[in-house]
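Student:
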Amino acid sequence: AVKEKNKNGFEFYTPEINKSLHRKMTIEKQLRMALENNEFKLNFQPQLNLRSKEISGVEALIRWNNNELGNVTPGEFISLAEETNLILPIGKWILREACLQNKKWQEQGLPPLKIAVNISMKQFNEHNFIESVSQILNETKLDPKYLELEITEGIAIMDHTFTIEKLHELKNLGVKISIDDFGTGYSSFGYLQKYPINILKIDKSFITGISNNKENAAIVKCILSLAQHLFLDVVAEGVETKADLDFLLQTTCKYAQGYYIGHPMSADTFERKFLSMK
Ligand code: C2E
Ligand code: MG
Ligand code: MG
Ligand code: MG
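Numbering (UniProt numbering), first residue to last: 517 to 794.
#1: Within 7 angstroms: the Cβ of residue 463 and any heavy atom of ligand 4?
#2: Taking ILE713 as the reference, give the member of GLN639, GLU623, PHE698 with the closest Cα.
#3: To the nearest angstrom, report how far apart LEU689 and ASN618 are at their CA atoms.
#4: Is DSSP giving VAL518 helix, strand or coil here?
#5: Would a C-beta distance cut-off of 8 angstroms place residue 796 and ALA632 closer than the cut-off?
#6: Helix, strand or coil for ASN554, going by three-state DSSP, please let me know.
#7: Does the region 716-730 come into contact with the region 744-757, if we say contact requires no fewer than three beta-carbon pairs (one atom in each stretch) closer than 8 angstroms?
#8: Closer than 8 angstroms is the cut-off here; do at least three beta carbon pairs connect the region 529-536 with the region 757-768?
#9: DSSP state of PHE698, grouped into three classes?
#10: Would you report the Cα separation of ASN587 and LEU626, rounded to the nearest angstrom?
#11: Sorry if obvious, but does the Cβ on ASN634 come closer than 7 angstroms to a heavy atom of ligand 2?
#12: Could you give the distance in angstroms between the alpha-carbon of ILE594 and the alpha-carbon of THR668?
#13: Classify LYS730: buried if its beta carbon has 16 or more other beta carbons within 10 angstroms, exposed otherwise.
#14: Can you list, in chain order, the residues of its chain with a C-beta nearer than 6 angstroms to that of ILE646? Leave out the 5 residues immediately preceding and following it.
#15: Is it the case that the CB of ASP784 approaches a heavy atom of ligand 5 more closely than 7 angstroms?
#16: So TYR711 packs on ILE680, CB below 8 angstroms; how close in whole Å?
#17: When every heavy atom of ligand 2 is checked, does at least one fall within less than 7 angstroms of the C-beta of GLU666?
#18: Of all residues in the structure, which have a C-beta closer than 7 angstroms to any heavy atom of ligand 4, taken in chain order?
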């Protein structure tokens, strides 16, 4: 029972609703101070190049640990950060931190990796988004070709002319653009050929368990064929088992990401696990 009515017809909130409302309010309150209190960090999840069999990139994923709330997942706080516009300063911090870390790895002499950063719709639509990306690249001295911005189909589909313009400006900066969670959003493929996009990230719901799921296998093969004709690279998300990986190895899919390859991990753990092997 979510919202219930008593016999007089008045609505009242059940204890569970009260609790989740309270948590939401606490999250919002704590979120306002989290950045200045240094409560965020980035984790990095490796991406495997299925042809060279090498780790060729990472996705940066935000983590939040708060004294009062403990660990709060992005699923719990990103949408709230968007509603409150706090995603703007937080998003800038994420982008800078990701570029800094990637530059640091390169300066340590490690093989260059591409770093993928999730960009929220609010952040993308901010009037000075291009300037802040450009400024962060200058500041951190990261070569733009090692930065990939993940946007969602929701952004891509907006038929504002400024969306296309913005994507072209990003392309001119030299950064890569990927469509995250591909296949879960809109069924219009028109934007794929109109927009300067480089990569499709197939949503994990199509990939996890793919070797036992004929329908998902058909969908993924279709996406791979589409991508090939449009000269787009493909990352498969949600590779959880050897069977998932083996399936993808027999296709044209170029990159894979998922728990079987590696969980999101701290920068230190990532260095130890993946980069010391080289
Ligand atoms: P996403 O961008 O699609 O990121 C992938 C999510 O799938 C991550 O969850 C990751 O931990 C999880 N994942 C990776 N491999 C597997 C797997 O094999 N199986 C399963 N079941 N899951 C896997 P996470 O970190 O909880 O993030 C959830 C979502 O929150 C992200 O989805 C993204 O939309 C958003 N998010 C996370 N970090 C950021 C960020 O820094 N900025 C923004 N704007 N959004 C973020
Ligand atoms: Mg992502
Ligand atoms: Mg995402
Ligand atoms: Mg995704």
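Every residue gets a Cβ at the ideal spot worked out from N, C-alpha and C, and that includes glycine.
Tutor: Concretely, from the data shown:
#1: Past the edges of the chain, shown from 517 to 794, lies residue 463, and the structure says nothing about it.
#2: Taking the sequence shown and counting its residues from 1, one reaches residue 713 at position 197. Closest by alpha carbon: PHE698.
#3: Within the sequence shown, residue 689 is the residue found at index 173, counting from 1. Within the sequence shown, residue 618 is the residue found at index 102, counting from 1. Each residue's alpha carbon lies about 17 angstroms from the other.
#4: Locating residue 518 in the sequence shown gives position 2, counting from the first residue. Bear in mind that the predicted position of VAL518 carries a pLDDT of just 48, short of 50, making it too unreliable to give a figure here.
#5: The question about residue 796 has no answer, for the chain in this structure spans 517 to 794.
#6: Counting from one through the sequence shown, the residue named residue 554 turns up at place 38. Correct three-state label for ASN554: coil.
#7: yes
#8: no
#9: The sequence position of residue 698 within the sequence shown is 182, counting from 1. Three-state result, PHE698: strand.
#10: Along the sequence shown, read from residue 1 onward, the residue named residue 587 stands at position 71. Along the sequence shown, read from residue 1 onward, the residue named residue 626 stands at position 110. Using only the alpha carbons, I get a separation of about 31 angstroms.
#11: Here residue 634 refers to the residue found at position 118 of the sequence shown. Result yes, Cβ under 7 angstroms from ligand 2.
#12: Numbered from 1 along the sequence shown, position 78 holds the residue referred to as residue 594. Numbered from 1 along the sequence shown, position 152 holds the residue referred to as residue 668. Roughly 14 angstroms separates the two Cα atoms.
#13: Taking the first residue of the sequence shown as position 1, residue 730 is located at position 214. So LYS730 ends up on the exposed side.
#14: The sequence position of residue 646 within the sequence shown is 130, counting from 1. GLU685, listed in sequence order.
#15: Ligands present in the displayed structure are limited to ligand 1, ligand 2, ligand 3 and ligand 4, and ligand 5 is not among them.
#16: Position 195 of the sequence shown holds residue 711. Position 164 of the sequence shown holds residue 680. Contact holds; Cβ gap of about 6 angstroms.
#17: The residue given as residue 666 occupies position 150 in the sequence shown. Yes - ligand 2 has a heavy atom lying nearer than 7 angstroms to the Cβ of GLU666.
#18: ASP696, ASP697, LYS717, ASP719, LYS720, GLU753
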